[in-house]
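Scroll down for the structure; my scribbles are underneath it.
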Amino acid sequence: MEQQRDYPEATGDFTGLLTQIALAAKIISREVNKAGLVNILGFTGEKNVQGEAVKKLDIFANEKMIDALTYSGHVCVMGSEEDAEPIALPPEVSRGNYVVMFDPLDGSSNIEAAITIGTIFSIHRRLSSGADGTLEDLLQPGHKQVAAGYVVYGSSTMMVYTTGQGVDGFTLDPSVGEFLLSHPNIRTPERGNTYSANEGNYQYWHPEMQRYMDHIHEKDPASKRPYASRYVGSLVADFHRTLLYGGVFLYPADSKDPKTPTGKLRLLYEASPLAMVIQAAGGKASTGTENILDVQPNKLHQRVPLVIGSRAEVELAEEFFQGNR
Ligand code: P6P
Numbered sequence: 321m322e323q324q325r326d327y328p329e330a331t332g333d334f335t336g337l338l339t340q341i342a343l344a345a346k347i348i349s350r351e352v353n354k355a356g357l358v359n360i361l362g363f364t365g366e367k368n369v370q371g372e373a374v375k376k377l378d379i380f381a382n383e384k385m386i387d388a389l390t391y392s393g394h395v396c397v398m399g400s401e402e403d404a405e406p407i408a409l410p411p412e413v414s415r416g417n418y419v420v421m422f423d424p425l426d427g428s429s430n431i432e433a434a435i436t437i438g439t440i441f442s443i444h445r446r447l448s449s450g451a452d453g454t455l456e457d458l459l460q461p462g463h464k465q466v467a468a469g470y471v472v473y474g475s476s477t478m479m480v481y482t483t484g485q486g487v488d489g490f491t492l493d494p495s496v497g498e499f500l501l502s503h504p505n506i507r508t509p510e511r512g513n514t515y516s517a518n519e520g521n522y523q524y525w526h527p528e529m530q531r532y533m534d535h536i537h538e539k540d541p542a543s544k545r546p547y548a549s550r551y552v553g554s555l556v557a558d559f560h561r562t563l564l565y566g567g568v569f570l571y572p573a574d575s576k577d578p579k580t581p582t583g584k585l586r587l588l589y590e591a592s593p594l595a596m597v598i599q600a601a602g603g604k605a606s607t608g609t610e611n612i613l614d615v616q617p618n619k620l621h622q623r624v625p626l627v628i629g630s631r632a633e634v635e636l637a638e639e640f641f642q643g644n645r
């Protein structure tokens, strides 16, 4: 609301859109936080006590995001990690000028172990005119985003987002059902001696990544090496820690699966929104050779190598990826 007041021309549409995303996040948080109880509270596996079909949580989260955005009146097309094609709106609902892409529940394979997971979202203005948005509205480079953020379902539920000017974190107070501003103006430390990568892939990494990893494993107290390793295996958890504490997260290209030569993570609803957040907090996000926000998408679910975190740490890794070390 404060940010809206800073823009006299603001119509309140964006605020309304963000409020809807927050609503979906509250509903998802409630389900995520009782996931372990599904078999205890008498859910029959197929039907729960309300007679509703018990869904996989990522399908549930996807439906809640789609519903909240569909009925916001501010969206003309959506893209989701869970849907192969762009998501059009039903003919009867009113459209708006925003385009939203999201990963409704990233890391959901971790939920049985009660590990932190998250929702990631990216917001663009539409380019097309006419009733329905188009695929081209979704395939915009990251620097065109009007806003981006994520919700982390962990020891607390937090929403972190940016409109490009600074990053703010809001913590859900379940007793009032509201997100309260708990982390105003988050800044990422310039340096951080923590790295986050799946070292089980070492043999599949290209030589530049192997050389970088060998470098940060070397003993050199002056440069605080060896770095400490922290890897949850849940992107939002690993990113959130990196944003707050500093360090670097890497999911580079590897030769593990010929079908995914450019790494596992997706550009439009994972790397690009997190890149906008980290850059607004003073950090950096790169493919290793190119700023993530400059990558021109050509497919809805395209994957991209990701090196993200403290500016100095990303730039150190880039020296290796760009063949300068
Ligand atoms: P790996 C979770 O499945 C996920 O998509 C991200 O949340 C996470 O960063 C990554 O995959 C972990 O992948 O190959 O290290 O298990």
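The number in this note's numbering is simply the position in the sequence shown, starting from 1, with 320 added.
Glycine residues also receive a C-beta, built at the ideal position from the N, C-alpha and C atoms.
Only a predicted model underlies this, so the values are computations on that prediction, with no experimental measurement involved.
Residues bridged to residue i [DSSP beta-bridge criterion]
i           : result
residue 500 : 491
residue 529 : Residue 529 pairs with nothing; no bridge assigned.
residue 341 : According to DSSP, residue 341 bridges with nothing at all.
residue 524 : According to DSSP, which records beta bridges pairwise, residue 524 is partnered with nothing at all.
residue 480 : 470 and 489
residue 515 : 549 and 568
residue 627 : 570 and 606
Proximity test, residue i beta-carbon vs ligand 1 heavy atom, cut-off 7 Å
i           : result
residue 474 : no
residue 553 : yes
residue 584 : yes
residue 574 : no
residue 450 : no
residue 518 : yes
residue 558 : yes
residue 403 : no
residue 391 : no
Residues of its chain near residue i, where Cβ-Cβ distance is below 6 Å and the 5 sequence neighbours each way are ignored
i           : result
residue 306 : The question about residue 306 has no answer here: the residues shown for the chain are numbered 321 through 645.
residue 385 : 344, 422 and 424
residue 575 : 524
residue 643 : none
residue 435 : 554
Same chain, Cβ closer than 8 Å to residue i, five either side skipped, listed in chain order
i           : result
residue 416 : 333, 337, 392, 393, 394, 395 and 396
residue 502 : 478, 489, 490 and 491
residue 637 : 532, 568, 570, 606, 608 and 627
residue 565 : 509, 512 and 514
Cutoff 7 Å; reference residue i; Cβ partners in own chain excluding five residues on either side
i           : result
residue 633 : 511, 512, 567 and 568
residue 493 : 500
residue 364 : Note that residue 364 scores 44 on pLDDT, short of 50, meaning its location in the model is unreliable; the coordinates nonetheless yield the value given after this. Answer for residue 364: no residue qualifies.
residue 351 : 377 and 380
Proximity to residue i [Cα-Cα], best of the options
i           : options               : result
residue 443 : 349, 607, 536 and 484 : 484
residue 544 : 554, 573 and 514      : 514
residue 309 : 480, 453 and 572      : Shown here, the chain extends from 321 to 645; a query on residue 309 therefore has no answer.
residue 554 : 602, 508 and 439      : 439
residue 472 : 414, 455 and 428      : 428
residue 468 : 616, 459 and 481      : 481
residue 497 : 339, 603, 326 and 327 : 339
residue 620 : 351, 414, 587 and 551 : 587
residue 476 : 348, 539, 486 and 449 : 348
Closer than 8 Å to chain E by CB, residue i
i           : result
residue 634 : Absent from the structure is chain E; it holds one protein chain and no more.
### Message
So within the stretch 372 to 426, which uninterrupted alpha helix (DSSP H) runs reach at least 4 residues, ignoring any that extend past its ends?
### Response
377 to 390
### Query
Which full runs of the alpha helix (DSSP H) of 4+ residues lie inside the stretch 569 to 620, going along the chain?
592 to 600
### Task
Could I get the ranges of all uninterrupted alpha helix (DSSP H) runs contained in the stretch 438 to 464, with 4 residues as the minimum, in chain order?
455 to 458
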